[in-house]
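Under full-length UniProt numbering, the first residue of the sequence shown is numbered 1, with each subsequent residue one higher. Don't be surprised by glycine CBs; every beta carbon is placed ideally from N, CA and C.
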Amino acid sequence: MDHFQLESEQLFETLAHQHTSARGIEEFDKVYGLGYQVDHADWSPFPRVNQLRQTFLDRSYDIDVERLRLVTEAYRENETLPRILQAAFAFQNILHNCTLHVYDDELILGEIAAPAKASPIYPEFSVDWIIDEILHSPFEERSNDQFYIRSEQDKNEILELCAYWKGKTANEIITAHLDDDQKKGSHMGEKVFQTNNYHFAGIGHFAMDFTKLMTLGYDGVIFQASSALKNLSKQDPDYSDKRDYYKATIVCLEAAKHYITRYAQLTSEMAAHEADAKRKQELHTMSLNCQQIAGGAPQSFWQAIQLFNFAVTLTQIEGNGHSISYGRMDQWLLPFYQKDVNERAVSKSFILELIEVLYVKMNNPTKLKDKGTVKVRNGRGFGGESLTLGGVDSEGKDATNDLTMLMLEASAHTRMMNPWVCVRMHEKTPYELKIKTIECIRAGYGHPKLFNDTPAIKAMLGKGVSLAEARNYAVVGCVEPTIPGKEHGWLDAGYVNTAKMMEMVINGGRILSGPNAGQQLGPDTGSLETYATFEQVLESVDKQFAYWCDQLCSCLNVTDKIHRMVKPTPYISAFFEGCIETGRDMTFGGVKYNGTAPQAAGIATCADSLSTIKKLVFDDKKYTGKQLLDAVKNNWVGYEKLYALVNSSKIPHYGNDIDEADELFTFMFECYCRHIKGRINPRGGKFSPGVYTVNANVGMGLYTNASLDGRKNEEPISDNMGPVHTAGGSHDTQGPTAIVNSVTKVDHSLATNGTLLNLRFPEDAVSGIEGRDILASFIDEYISKQGMHVQFNIMSSDKMRAAQKSPELYRDMLVRVAGYSAYFVELGKPLQDDLIQRTELRF
């Protein structure tokens with residue numbers, strides 16, 4: 001019996017004495033179900049929400065041409081202007097002329113210059129793949145992440161408009177600035193690292209300063225920019241650049257006002273012609289809301305979340321960066337909630353309904369990605385729209401409030417991909433919040449994910465922010481902590497396939513097998529045929545990591561500079577501290593804190609490979625280094641006995657609370673962090689390491705030769721901070737307690753860009769009050785041992801296999817993939833199989 005079960009009763013007697021005054025609509029310990037149910041009833045108590053949710057599910061994923069048409073038109077008309085003004089006038093042209101959409105039943109307005117669930121096109125970043133895929137690899141014929149172009153006319157127009165952008169895109173200019181050494185290891189070569197996110201997409205992975213917007217409104221921010229422009233001195237050597245920045249900012253903010261006013265006029269006209277009295281009043285109120293927030297600050301909760309949705313979708317219209325996140329929403333929205341409740345302006349129930357309507361609305365923005373990206377990372381959303389709840393305030397006190405609880409209830413009622421709900425926890429997290437969080441987890445839809453304030457705040461301090469700022473961190477993307485409105489961290493900057501680096505370690509810097517076998521890719525730092533001691537192996541690891549991190553970071557610095565040149569972002573820059581104050585766009589380093597943050601994948605693959613080498617070659621001397629090298633060169637064919645041994649418990653494996661194995665994981669973790677942290681980027685900030693793969697371990701594995709942890713060619717590498725699982729078997733065999741002990745032997749705060757741990761339990765392992773309390777005790781133990789992040793799939797392998805066989809019955813079944821949840825039946829089969837192969841844990 002797991003020790004968590006033995007201790008849970010005593011622990012919860014203590015926890016029961018911790019209380020919070022925060023209350024939702026429902027009891028904090030309401031059970032929302034256990035895992036996904038095929039024949040489930042509607043989850044939300046609000047018929048409107050259930051209808052909106054179903055409407056979303058019924059829509060197809062389309063490609064919309066309107067943004068492409070309008071942005072191309074604007075750039076053609078303004079070719080002689082500075083780039084930042086070109087970007088501003090393109091933004092203005094879109095907002096003045098794009099089609100507006102108001103859908104039945106909705107209470108929140110605003111899309112991304114495309115119909116709901118349709119993807120715009122962003123030619124500023126890349127067009128080659130769009131042209132190629134239309135002509136040779138139709139989007140609608142993909143095995144997953146299909147998109148549909150509505151007509152041949154649209155298809156031809158897309159091709160014609162994209163032709164204008166040839167030679168002008170970020171991707172083409174970045175590629176032209178990279179040298180051969182940089183290219184050969186990148187996604188353009190052998191994929192030791194991949195930086196294509198910011199080749200094909202705009203800057204993202206941030207949370208803007210929503211408090212500033214809610215306090216000042218657009219008029220207040222325009223006043224700030226106008227005053228700065230008025231006071232700008234021509235003696236300033238950067239006068240013209242700052243002048244252009246301020247002008248661009250004003251153009252963008254005035255365009256935002258005009259856009260919202262258009263919605264006010266449209267809904268007013270619709271209300272005048274609406275026969276249904278209730279809907280007529282809703283349309284009238286939406287019009288009044290838009291009139292108020294077009295320039296002014298919101299005066300009610302409804303107006304605040306309406307302004308929020310406009311602000312976020314306008315950011316997505318300006319650029320197509322991933323993970324435009326929502327900050328600590330239960331904190332910055334709280335004044336509007338308290339005002340409405342205290343004045344009895346609306347009921348608490350209506351506020352919950354508004355939140356749920358907003359949650360469904362958050363799923364409408366959709367992003368077209370290239371076939372190479374979707375092979376590595378499935379998903380048709382923008383991805384990473386994290387919403388952070390709970391945690392401590394700037395003084396270190398618990399910040400839980402009514403909205404914390406209501407937003408969790410809304411998550412349980414809607415059960416959609418977005419928002420990616422994150423709950424911050426600490427040693428004084430109220431019992432009620434803990435239990436409500438666990439009831440959401442047990443419902444089996446993959447939300448929320450959990451973050452530990454102590455190591456996360458320590459990580460933020462490691463970036464050089466103040467303690468008060470660090471305590472106000474929010475999560476963006478999958479697991480990345482950031483300071484809302486103060487940090488442009490260039491998070492998710494690139495993926496490092498450490499398993500490919502290990503291939504260089506064991507084979508003299510040469511490619512192991514395949515069509516390029518023997519090609520010299522990295523420096524020759526030795527091979528398994530030459531190492532005399534295990535210490536030499538570790539020295540080789542360090543040298544390979546140093547070399548490849550040099551290549552990676554130099555690529556990212558080139559990419560950073562090209563974004564400054566090609567696609568500045570004056571609209572979003574207005575909501576970050578430092579930009580208006582200094583007269584510099586965020587792409588030029590105007591934000592208070594700047595960084596670049598790539599992440600490592602496959603750390604456990606490397607650790608277990610080292611353990612194999614240490615055990616079999618140097619400790620037991622049962623095999624020579626050449627024998628191991630030959631085994632992986634031949635994809636284990638002819639070495640079946642060795643393959644079985646490597647995948648057995650006779651080799652010490654990470655994830656089983658075995659110090660000698662966990663020390664090798666720690667070595668790999670610290671080696672990566674050491675070679676990334678502290679490097680300087682073009683915006684004057686520093687590099688920041690992360691250790692997570694999201695779901696890229698599957699795609700990366702497709703391009704990775706067999707490895708000494710017992711992988712075969714093309715199998716996934718290890719996911720995130722988790723132990724290895726191969727076709728030969730899962731390497732973690734001692735249960736969840738052992739995994740926690742292994743994972744927390746590492747100082748997570750060294751990974752200032754975050755860590756990620758996936759765990760999966762079948763439904764019956766956490767059933768009933770006993771199962772709930774054991775899971776809560778388990779989470780408390782993980783938090784106390786200073787793990788930074790953990791998230792759960794409450795789903796059996798059998799249920800996922802059933803969904804593979806009968807996808808039509810599991811259409812809205814969400815599964816926790818990594819830092820995000822997705823509809824299982826929409827994932828590619830390799831990723832589905834990887835999820836099924838992950839160890840099914842029991843206490």
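Residues near residue i by beta carbon distance below 8 Å, same chain, minus five either side
i: residue 172; result: 126, 128, 166
i: residue 270; result: 102, 283
Own chain partners of residue i with C-beta closer than 7 Å, once the 5 adjacent residues on each side are dropped
i: residue 352; result: 25, 406, 409, 410
i: residue 797; result: 836, 840
i: residue 712; result: 635, 636, 706, 727
i: residue 99; result: 66
i: residue 526; result: 508, 536, 540
i: residue 137; result: 371
i: residue 1; result: Per-residue confidence for residue 1 stands at a pLDDT of 42, beneath the threshold of 50, marking its modelled position as unreliable; no derived number is given.
i: residue 660; result: 652
i: residue 316; result: 112, 324, 365, 382
Presumed contact (8 Å Cβ cut-off) between residue i and residue j, rounded CB distance
i: residue 121; j: residue 70; result: Actually they do not touch by this definition, with Cβ atoms about 11 Å apart.
i: residue 564; j: residue 582; result: Not quite, the Cβ-Cβ distance comes to about 14 Å (not below 8 Å), so this is no contact.
i: residue 459; j: residue 394; result: Actually they do not touch by this definition, with Cβ atoms about 17 Å apart.
i: residue 193; j: residue 629; result: The Cβ separation is near 23 Å, so there is no contact.
Where residue i sits in the DSSP three-state scheme
i: residue 146; result: coil
i: residue 413; result: helix
i: residue 810; result: coil
i: residue 821; result: strand
i: residue 38; result: coil
i: residue 304; result: helix
i: residue 634; result: coil
i: residue 515; result: coil
i: residue 707; result: strand
i: residue 692; result: coil
i: residue 382; result: coil
i: residue 491; result: strand
i: residue 686; result: strand
i: residue 240; result: helix
i: residue 497; result: strand
i: residue 204; result: coil
i: residue 388; result: strand
i: residue 653; result: coil
i: residue 171; result: helix
i: residue 784; result: helix
i: residue 193; result: strand
i: residue 506; result: helix
Host beta strand (DSSP E) of residue i (start-end)
i: residue 794; result: 789–794
i: residue 425; result: 420–425
i: residue 623; result: Neither: residue 623 is in no beta strand (DSSP E) and is coded neither H nor E.
i: residue 732; result: Careful: residue 732 lies outside any beta strand (DSSP E) and carries neither H nor E.
i: residue 451; result: 449–452
i: residue 481; result: 480–482
i: residue 760; result: 758–761
i: residue 474; result: 474–476
Extent of the continuous alpha helix (DSSP H) to which residue i belongs
i: residue 227; result: 210–230
i: residue 46; result: Here residue 46 belongs to no alpha helix (DSSP H), and DSSP marks it neither H nor E.
i: residue 851; result: Since the first residue shown for the chain is 1 and the last is 843, residue 851 is missing from the structure and cannot be characterised.
i: residue 749; result: Here residue 749 belongs to no alpha helix (DSSP H), and DSSP marks it neither H nor E.
i: residue 437; result: 431–442
i: residue 839; result: Neither: residue 839 is in no alpha helix (DSSP H) and is coded neither H nor E.
i: residue 573; result: 570–573
Chain-order list of residues whose beta-carbon lies under 6 Å from that of residue i (same chain, five-residue window excluded)
i: residue 358; result: 108, 305
i: residue 110; result: 309, 310, 313
i: residue 87; result: 568
i: residue 589; result: 683, 684
i: residue 596; result: 490, 493, 556, 681, 687
Proximity test, residue i beta-carbon vs the ligand MN heavy atom, cut-off 8 Å
i: residue 614; result: Although the ligand MN was asked about, the structure shown includes no ligands whatsoever.
Complete alpha helix (DSSP H) runs within the region 97–140 (minimum length 4 residues, chain order):
128–136
Beta strand (DSSP E) runs wholly inside the region 576–630, at least 3 long, in chain order:
593–601
Would you list, in sequence order, the uninterrupted alpha helix (DSSP H) runs of no fewer than 4 residues that lie entirely inside the region 288–344?
301–318, 329–332, 334–342, all fully within the region 288–344.
Complete runs of the alpha helix (DSSP H) confined to the region 68–102 [at least 4 residues]
83–97
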